[in-house]
Amino acid sequence: METVELVLDTSGGSISDLTAELRRFCRGRGDGLVNAYCPHATAALVLMETGAGSDQDLLDWLRDQLPRDDRYRHRHGSAGHGADHLLPALLGSSVTVPVVAGEPLLGTWQSLLLVDTNSDNNRRRLRLSFLPTT
Amino acid sequence: METVELVLDTSGGSISDLTAELRRFCRGRGDGLVNAYCPHATAALVLMETGAGSDQDLLDWLRDQLPRDDRYRHRHGSAGHGADHLLPALLGSSVTVPVVAGEPLLGTWQSLLLVDTNSDNNRRRLRLSFLPTT
Amino acid sequence: METVELVLDTSGGSISDLTAELRRFCRGRGDGLVNAYCPHATAALVLMETGAGSDQDLLDWLRDQLPRDDRYRHRHGSAGHGADHLLPALLGSSVTVPVVAGEPLLGTWQSLLLVDTNSDNNRRRLRLSFLPTT
Chain A
684 METVELVLDT SGGSISDLTA ELRRFCRGRG DGLVNAYCPH ATAALVLMET
734 GAGSDQDLLD WLRDQLPRDD RYRHRHGSAG HGADHLLPAL LGSSVTVPVV
784 AGEPLLGTWQ SLLLVDTNSD NNRRRLRLSF LPTT
Chain B
684 METVELVLDT SGGSISDLTA ELRRFCRGRG DGLVNAYCPH ATAALVLMET
734 GAGSDQDLLD WLRDQLPRDD RYRHRHGSAG HGADHLLPAL LGSSVTVPVV
784 AGEPLLGTWQ SLLLVDTNSD NNRRRLRLSF LPTT
Chain C
684 METVELVLDT SGGSISDLTA ELRRFCRGRG DGLVNAYCPH ATAALVLMET
734 GAGSDQDLLD WLRDQLPRDD RYRHRHGSAG HGADHLLPAL LGSSVTVPVV
784 AGEPLLGTWQ SLLLVDTNSD NNRRRLRLSF LPTT
């Protein structure tokens, strides 16, 4: 099977590290590209370092740039929820990583992170797909 | 044919919904990934919700973050046109979506939007390509 | 060989034009998609116009939006280096371009640029991968 959908519990916070899931999916698949896709309009996928403060730096930047106030025309959900709807446009809904011999070629400091500042929904889906190059 | 180029008339506004075109292209193609690509240096492709205010929220955010004034070194075209040239870097020129049984797996609230704040050019091109996973 | 890694010397500045490398890699490969991937946590890949001021406009925008001061929790490296770690999230680590008859279908004004504001590291890697559509 070359494509799978995972269900994630994001109640632990606004950033979830999905690197282990990405590696597990690629194992045994040979050479190609892996695509991680987030089918939600208020969450995003990024590659960045985690564990040395940068993940929180990103959340701080987003809070400054997309204040959770009443400026948004989108008015459903919690106060400031309109901000969440700009995340996919600014950060992106998918990430593509080369794979060689079943191993995604992430750099030493790259992790796959789901950014999800929308606390109204703690059940998220992630689709992983593999495309062979050979 | 696994890749096609569409010509779009964007005189209707700064955001064009291309979701129907994406679905039509995928129909009958089985499993894979579809890539939508925008070959312009002053327009971008994003996945986000439309119809509930968020598309206008994005344009407001861009106007705040990329003011259409004379701060830009790029000086061709209309006043503030330098701002348009930063759109592809900030938002991205392509979008990749998994496809199963000829259906792109967009989330319920995800639409494919062309963001094009450059009113000097109302004829835009969009390339759609399909990569089979099986 | 459908995937290669290049080693780049980025001592020349914060933006490196990799368009020639992208074209060279695609030559003779037929139809498909080419993926350029940056395995670094403090650099990004974008498609944009270069040579008419927009590349410097992007660096100016980044300096305004991600000031190189002590606001970041990430404190390794030079002053303000925490800013570099947000680049991949905001701009993206990879770019995908359709290829027809061995030619990447970049628009007239699109170039592939590596954005790397981290002067602590002048040796960067770039991976290019080709996926056939037929």
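Protein chains in written order, with the working numbering: chain A, 684 to 817; chain B, 684 to 817; chain C, 684 to 817. Where is the CB? At the ideal position from N, CA and C, for every residue including glycine.
Local Cβ density within 10 Å of residue i, reported as buried at 16 or more and exposed below that
{"i": "Gly-711/C", "result": "exposed"}
{"i": "Gly-713/B", "result": "exposed"}
{"i": "Gly-696/C", "result": "exposed"}
{"i": "Arg-756/A", "result": "exposed"}
{"i": "Asp-747/C", "result": "exposed"}
{"i": "Glu-732/C", "result": "buried"}
{"i": "Thr-791/B", "result": "exposed"}
{"i": "Gly-715/B", "result": "buried"}
{"i": "His-759/A", "result": "exposed"}
{"i": "Gly-775/A", "result": "buried"}
{"i": "Asp-799/C", "result": "buried"}
C-alpha distance - residue i paired with residue j, whole-angstrom precision
{"i": "Arg-807/B", "j": "Val-717/B", "result": "19 Å"}
{"i": "Val-690/B", "j": "Ser-812/C", "result": "28 Å"}
{"i": "Asn-805/A", "j": "Ser-761/B", "result": "45 Å"}
{"i": "Tyr-720/B", "j": "Ser-777/B", "result": "4 Å"}
{"i": "Leu-797/C", "j": "Ala-766/A", "result": "29 Å"}
{"i": "Pro-815/B", "j": "Glu-685/A", "result": "10 Å"}
{"i": "Leu-705/B", "j": "Ala-727/B", "result": "15 Å"}
{"i": "Ser-737/C", "j": "Trp-744/C", "result": "10 Å"}
{"i": "Asn-801/B", "j": "Arg-707/A", "result": "43 Å"}
{"i": "Asp-740/C", "j": "Pro-750/B", "result": "12 Å"}
{"i": "Leu-742/B", "j": "Arg-754/A", "result": "13 Å"}
{"i": "Ala-735/A", "j": "Gly-785/A", "result": "28 Å"}
{"i": "Leu-795/A", "j": "Leu-789/A", "result": "9 Å"}
{"i": "Asp-803/A", "j": "Asp-803/B", "result": "41 Å"}
Neighbourhood of residue i by C-beta distance below 8 Å, restricted to the same chain and skipping five residues each side
{"i": "Asp-752/A", "result": "Ala-762 and Gly-763"}
{"i": "Ser-694/C", "result": "Asn-805"}
Sequence-distant residues of its chain with Cβ nearer than 6 Å to residue i (five each side left out)
{"i": "Gln-793/B", "result": "Leu-730"}
{"i": "Arg-810/A", "result": "Glu-688 and Tyr-720"}
Where the alpha helix (DSSP H) containing residue i begins and where it ends
{"i": "Ser-771/B", "result": "Note that residue 771/B is Pro in the sequence shown, not Ser. Taken as a continuous stretch (DSSP letters only), the alpha helix (DSSP H) holding Pro-771/B covers 770-774."}
{"i": "Asp-740/B", "result": "737-748"}
{"i": "Asp-767/C", "result": "764-767"}
Extent of the continuous beta strand (DSSP E) run through residue i
{"i": "Gly-715/C", "result": "715-720"}
{"i": "Glu-688/B", "result": "686-692"}
{"i": "Ala-647/C", "result": "In the structure as shown, chain C starts at 684 and stops at 817, and residue 647/C therefore has no counterpart that could be examined."}
{"i": "Thr-779/B", "result": "777-783"}
{"i": "Leu-796/C", "result": "794-798"}
{"i": "Arg-808/C", "result": "806-815"}
{"i": "Ser-699/B", "result": "698-700"}
Chain-ordered neighbours of residue i on chain F, where CB pairs are closer than 9 Å
{"i": "Gly-775/B", "result": "Note that chain F does not occur in the displayed structure, where the protein chains are A, B and C."}
Beta-carbon contacts of residue i that lie in its chain and below 7 Å, excluding the five residues immediately before and after
{"i": "Ala-724/C", "result": "His-768 and Pro-771"}
{"i": "Pro-787/B", "result": "Leu-705, Arg-706, Cys-709, Val-717 and Val-780"}
{"i": "Pro-722/C", "result": "Arg-808 and Arg-810"}
{"i": "Asp-692/A", "result": "Asn-805 and Arg-806"}
Exercise for review: State whether the region 759-778 of chain B contacts the region 688-701 of chain B, with contact taken as three or more CB pairs (one from each stretch) at a distance under 8 Å.
Suggested key: no
Practice item. For the region 780-796 of chain A and the region 774-781 of chain B, state whether three or more C-beta atom pairs, one from each stretch, are separated by less than 8 Å. Key: no
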